Each structure stands twice: as C-alpha cells, then as structure tokens.
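First the structure, in the form of structure tokens, and then the observations on it.
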Amino acid sequence: MKRDLPALLLYTFGFLLLWEWLRPVGQLTETGNIETFIVFMLISFALSFLQMKWVWQGIVKVVFILFSINRFYYDGGFLQFNWLKLFVKDLVNNISLLFARQWNDLSNEFRTLLFFILLWLMVYLIHYWLLNRQRIFIFFFMTLVYITVLDTFTLYNANAAIVRTVVIGFAVMGMLTYYRITRKEKVNSTPTFLRKWMVPLVGMIAVSVLIGIASPKAAPIWPDPIPYFTAAKDNGGKDGKGGISRIGYGSNDERLGGPFIGDNNPVFTVKANGKNYWKVETKDVYTGKGWIPSGSTPITFMEGYLTPVYGIPNKVKTINESATVSFNNISISNTFLVYPAGIQKILQVEPQAPQPYTFQFDSTKEKITAVSNGITNYRVEFGTPKYKALDLRETTGFDPSSMNTEFYQQYTQLPDGLPPRIKELTEEITAGKDNWFDKAREVERYFGNTEYTYDQKKVALPGEQDDYVDQFLFDTKQGYCDNFSTSMAVMLRTIGIPTRWIKGFTGGDFMEYSGDEQGKGIYQITNNNAHSWVEVFLPNQGWVPFEPTKGFTNELNIDYTTGQTSSNNQTPPPAPVKKPQQKDLEETSKPKNEEKSFDFNKLWNNSQLFLKNNWKLIMLVIVLLAGMAGFFYRTRGKWYPFVLMVWYRFRKKDESFGTAYLVLLDQLDRFGIKRKDNQTLRSYASYIDSFYSTREMTRLTHLYEQYIYHQHLPKGTWKENYKMWENLIKKTIA
C-alpha cells in the first residue's frame, strides 16, 4: 500500500479504533497519564505508516517506554542511569513473581511496562490487518462488544463511543473492500475511480448514522444492571435508603426491601464441631419500614472474662463447646465480632498483646466490637442449649412477677398505624394454641406454605404509605430473610409475645476437617451467608431462636421424651445446634428450596471449591485424557476400519449401501489414495482397482450410481455386496 492520503486515512481510523479501548480505562480504573499511552499509540502508528525499519521502530518505542517509566516513578533524570539499575532489578523480581503466580504483588512499574507492550502488540496487529490481510472486521466487532459491555455493566456512558466506532469501522471496511477489489480485479486506482467509490460510502454511513440517532429507542427488555454494580461499589448500598443492595452485613436497617446482588467474598472462617448461627447484633424497634435500636448502652469487658451477653438461664441444660474464628479481612474485626448463642468467653485473641484485649459490648444491640484494631482470630467458649419441650411450653402469657414490664413493652413495641389484618392473620394461625412456644412454632410453619417464595431479585421496596410486613404478607409474598424474619417478629408482637430481630451469618460451607483438632471442621462464611432470624423471649428459657425463612433449616436441640410429641418433624432452626455427624458436615447453610429448584450459585461455589482442592488431580486427568485422545487419533488407521466393519455388519437395510460407499471413499482418502479434482467416480474406481488388482471398486461404484440415479436397489443388494465393501475397507488399515 502506497504512502498516500487513503493509506493515511486507514492508519488514522485504526488509531481512532484503538483509542476507543483506552477511553474507558481512565474513567473506570485508577490508571493515570492516559495521554502518555495515547501519544505512544500515535508514534507507533506513525512509524508503521512511514514504513521505518523494524529495528529503528523498536529503538524509538523502547526509548519512549523507558522515558515514560522514568517520568512516572523515578526522581532522577532520564540520562542518569542509576534509575535504570533499579528498574532492571525490579523487572527481574517481577518476572519471578509472574512465574510464582503472585499477580497481586506486581509493582506499578512492571504493570506499566506490560501495558505499553500490550499497546505495542495491538498496533502491530492493526498494521497487519490493514496491510497484509486488508480485513479489520474482527477488531471492529471486538471494539463494539467491548464498549457495549462496559456501557451495560459499568458507569461508562458509551453513547458517543458507539457512534464513533460505527462510523470509523464502516469507513475502514469500505476502504479495505475497495483495495481488495482493485487488487483482485487488477483495476487501476485513479482519483476519479476512488471518488466514485468513496462518495457513496460516506453518504451511506452518514445517512445510516443520522437515522440511527434520530430513530426512537425501545425501552430495555431487562432492568439496568448498573445500580447493582453501583451498590457493590458503595459497600452494598447499605445506606438506609433501600433499593438494590449487595448482600452482606450492614449497620443501617432503617428501610428494608428491594433486591440485592450476591457476594461470595469470604468474611471469616470457623473451626468448630459443627455449624452454628453467628450473631452480630439485635434490633428491637420496628418502624413500619425497617428496624432501629432503642438506644445504646456500652459496657467494656476483658479477654478471658465472662461476657455480659444475656446468658441462657441455669434451668436450661447446655453442652460446652468451643470454636475458633479467623477473619479474612482484619478491618472487619474493628466493625464487629461474631459469636454464637450461649457465648461465655472470648479467649486466645491474636495477634497476642502484652495485656488482655478489651472489648466493647452494647447491651441494647448485643453487639461486640474490639477496642484495639487488627484482631485476626480468637476462640469463643459457649454453651449449646438443650431444651425440653415441657419447659418451652410453660409460658402462656405475660406475668409481671417473672418478666419486667418495661422489658416486655420494649420487645412487644409496634408502630402506630400498623394494619390490623396482620394481627387478625396471626390470631387465625395460632388459634387453638395456649402457650407462646407453640404459637411461635405455628407462625414459623406458616411461612412454609407454597404461596410464599424465597426470592432475592423480585423484592418490592415499600412506598411511603406501605408497611413492610403488611406488603410482604398480603401483596408480594416473595422475599428473602429480612422479609420472613421481620414478618414473624411483628406478627408475634401483635399477640403479645416479645421478640427481637437478629442479624448475623449462617454456618457457611464445610471446607475440610481440621488437622490439629480431631473431629472439628473448617467452615467458610462469605457475604452470601449474611442472614437474619428471630428470637422469642420465654421467661424460663431466655431468648429462643426461630427460623422462618423458607428454605433455611438449623435444628434446635429439643428433648421430647417427656411424653409430649411434636406436631411437625421440622424444628425451628437458629443459633448453635447439635454436633453434626458426617452428613451434617457436608451440608451447607444456603437456602434449600422445598421444590429443590436448581441453585446456580451453590453449584458454582461447590465447583470452585472442588477445583481448588483437586486441581492437581484434574490437571493430571486432563493430560492423561489428552494423551489417550492423541494416541487414538494418531492410530485411528489401525482401529477405526474395524469399528466401521462391525457397525455396518449389522445393518440390514439396502439403503445402508449409500452411506457405506461414502465412508469407503473417506477411508481411501485418509489412507492416501486421494481422488483428484473433477475426477469421476468411475475413473477413480478404475484407479483403485488397478492399485489393488481387483474389480471390486468398479462394481460397488456401478451399484452406487444406480442407487443415486434411481434411489432404489434390488432387494438384498447390501447383503450380497457387503463382503466386497469389507475387503476394500480392510485394505485401508494402516
């Protein structure tokens, strides 16, 4: 291609297309000095257009890259070569990190170098596509996909970018088509002939773009996903304004509702005898839109001392347990500590300190935080309650002698204007039950009805005149743990049963058995395990947890040997539970829909875990399978003919002759006796017969032509001629 104006236009369009890849980088990432990379691209395209020798091009580009890195990261001047020694040392170190697969430890200097190299390769590819291939559709299509995906799933607005890319792409493809035609048809490219091609091309592009801009746009079929990513960027959107949020712990629950997006990032791991519910805090005031605490009463306590958390009454038998909690991000421990129900002490806090750690406990919210920063892990001692059914059913109503009136009013509080149909529904559900425990059980069971569904996406956000619970119970009837747990807590309060709303995490996923403590397992808890449930206060039993969320189970340890039986095999699930057997350790605390619907997130998480734990074995199996496949493919000439003979030996219909003949042609071609272009079947058959000193191929070809022209063969043809076909197939065995 000559260095003329059309060629300059082609290179300019190529540069502009590549520039579209850089425009979002500065907006969506922390990459700075984008203009330097643009100048590098401009220089690279200019050197390619001028057709400078590749050696000089390389020297110019390397000098520019080194000068830019020196300007970005080093204080000394470019000609003071002391910085170059440091850069080479950093380069060697980063190459070793690459081989060690420690991607996160790469230095910024090395990342910048890699980015320059990537741009260098992209410029070369565009140069190759423009000059050698004279085709650029693939790169044009990739550019469109790139900017449209960013426009859909990020904050980048690609409206103008799409128009620019379409104009540039069609212009380049039109010009390259012109050059291909003139070269193929050997047409002299005169300025007049070029104008006859380019003027209609420009007009077509201009009209198409103007029509596209002016045409009305249809509304999107799917909801805009950008709010989901905005929520993720803003720490899950937990700002009390509702809307789309990212699942995980958030401190503000003033306005519940709206969909959320999943987040599989680990929060902490636990080494314990079994799964437990891990509490973070409680809320006691329902506002009609969400939950707020009634106050704050901080108390401090020391590591190794009994915690001031409301304990389990002495009347309830407990099983002493211990567990070790390890945070994946130490900054989380500055926000909250997790603990199971029945917590007694916090011990063995790490990193170790000269003095015992001090913790702050809010007795209203029952939230524990660390006064010191940077706790990585700790051990908790707790007692798993073992309830008796007779004791649980003992409370039948409010008794001022066994429960403080102020306490009772605090945990039966309801907002003014609560729709009365909530109480009416609760009374209908609990009719016939005379104690608080059985009434709570009936409400818990009620949410197992098929009319209520667990859903994370299609969840309503209550309007100004809507009550959160009322909307869920009677209108939408679909939601996640916040909907179910809040509804149960409010329903029980309407009939005078004290409740509180609990936030925390479920037991997570079993990872492996602990190597240092026999019988204990390692569980990983992610943001996806964030959960809420209900606790009901029974004066003689303390706070008893219940699990109304559909699809979640976590059994209470209840002794029914007193002669009273349970009316439902499913017991309410909450905080710490029984020690699991082997099968319990394999279960997860993710929702298990009663209809056993397909859970893609669970499948994906389990697949990731399996790959992580067995990747070496998987790679070995893949290599072995690839080796076996290669071996069988290379030796197919020895075994494949036998497979064909066995397959066609049992074919009885005469119509099988047609496909068998074509298979024979393929086998002869694979063997090396190829049929020439435009060679007739009869001529090819004669050549085969002369090669093998036989007449069998000619006879088969005559029958095949008869079959093709008449679509019919005499009865028994295939059976009579199978032997000839088999003899020829045997000759193709390599």
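Everything in the sequence shown is counted per this note's numbering, starting at 146 for the first residue and increasing by one. Quick reminder that beta carbons are idealized off the backbone N, C-alpha and C, glycines included. If you're wondering where the values come from, they're calculated on a predicted model, not measured in any experiment.
In the DSSP assignment, residue 866 falls within the unbroken alpha helix (DSSP H) covering 862 to 876.
Between the alpha carbons of residue 833 and residue 266 lies a gap of roughly 51 Å. Rounded to the nearest whole angstrom, the CA to CA distance from residue 669 to residue 650 is 11 Å. Contact between residue 645 and residue 680 holds, since their C-beta atoms are separated by about 5 Å, short of 8 Å. Just so you know, the alpha carbons of residue 589 and residue 427 end up roughly 19 Å apart. Excluding residues up to 5 positions away in sequence, 805, 809, 845 lie with their Cβ nearer than 7 Å to the Cβ of residue 870 in the same chain. Burial state of residue 202 is buried, judged by a 10 Å Cβ sphere holding 16 or more other Cβ atoms. Beta bridge pairing from DSSP links residue 678 with 647. Sequence-distant partners of residue 677 (beyond 5 residues in either direction) whose C-beta falls short of 7 Å from its own C-beta, in its chain, are 626, 627, 630, 646, 647, 648.
For residue 605, same chain residues with a beta-carbon under 7 Å away, outside a window of 5 residues either side, are 402, 616, 621 in chain order.
Burial is judged here by how many other beta carbons sit within 10 angstroms of a residue's own beta carbon; residue 199 has fewer than 16 and is exposed.
DSSP places residue 532 inside the beta strand (DSSP E), whose first and last residues are 522 to 533.
For residue 540 against residue 685, the beta-carbon gap comes to about 7 Å, under 8 Å, which counts as contact. Between the region 398 to 413 and the region 465 to 474, the count of C-beta pairs closer than 8 Å reaches three or more; the two stretches touch. The DSSP assignment places 801 to 816, 826 to 837, 841 to 855 as complete runs of the alpha helix (DSSP H) inside the region 799 to 872, in order along the chain (cut-off: 4 residues). Three or more pairs of CB atoms, one per stretch, sit closer than 8 Å, so the region 630 to 643 contacts the region 571 to 578. In this structure, residue 782 sits away from residue 852, with a CB-CB distance that is not shorter than 8 Å. Assignment of residue 630 by DSSP, reduced to helix, strand and coil, places it in the helix class. Annotation: the continuous alpha helix (DSSP H) that includes residue 283 extends over 282 to 298. Under the criterion of beta carbons closer than 8 Å, residue 841 and residue 872 qualify as touching, at roughly 6 Å. Distance from the CA atom of residue 855 to the CA atom of residue 848, rounded to whole angstroms, is 10 Å. Taking residue 567 as the centre and dropping the five residues before and after it, the same chain places the C-beta of 614, 615, 618, 635, 636, 639 closer than 7 Å to its C-beta, in chain order. Secondary structure note for residue 413: its beta strand (DSSP E) is the uninterrupted segment 411 to 417. Taking 8 Å as the upper bound for CB-CB distance, residue 163 and residue 186 are in contact here, some 6 Å apart.
Contact between the region 206 to 220 and the region 247 to 262 is present, with at least three C-beta pairs closer than 8 Å. In this structure, the alpha-carbon of residue 342 lies about 26 Å from that of residue 270. With three or more CB-CB distances shorter than 8 Å, the region 302 to 310 counts as touching the region 280 to 294. Residue 515: not part of any alpha helix (DSSP H); member of the beta strand (DSSP E) spanning 512 to 515, first to last residue. Residue 816 and residue 319 have their alpha carbons spaced roughly 45 Å apart. Annotation: residue 862 to residue 807 spans about 16 Å, alpha carbon to alpha carbon.
The beta carbons of residue 527 and residue 487 sit closer together than 8 Å.
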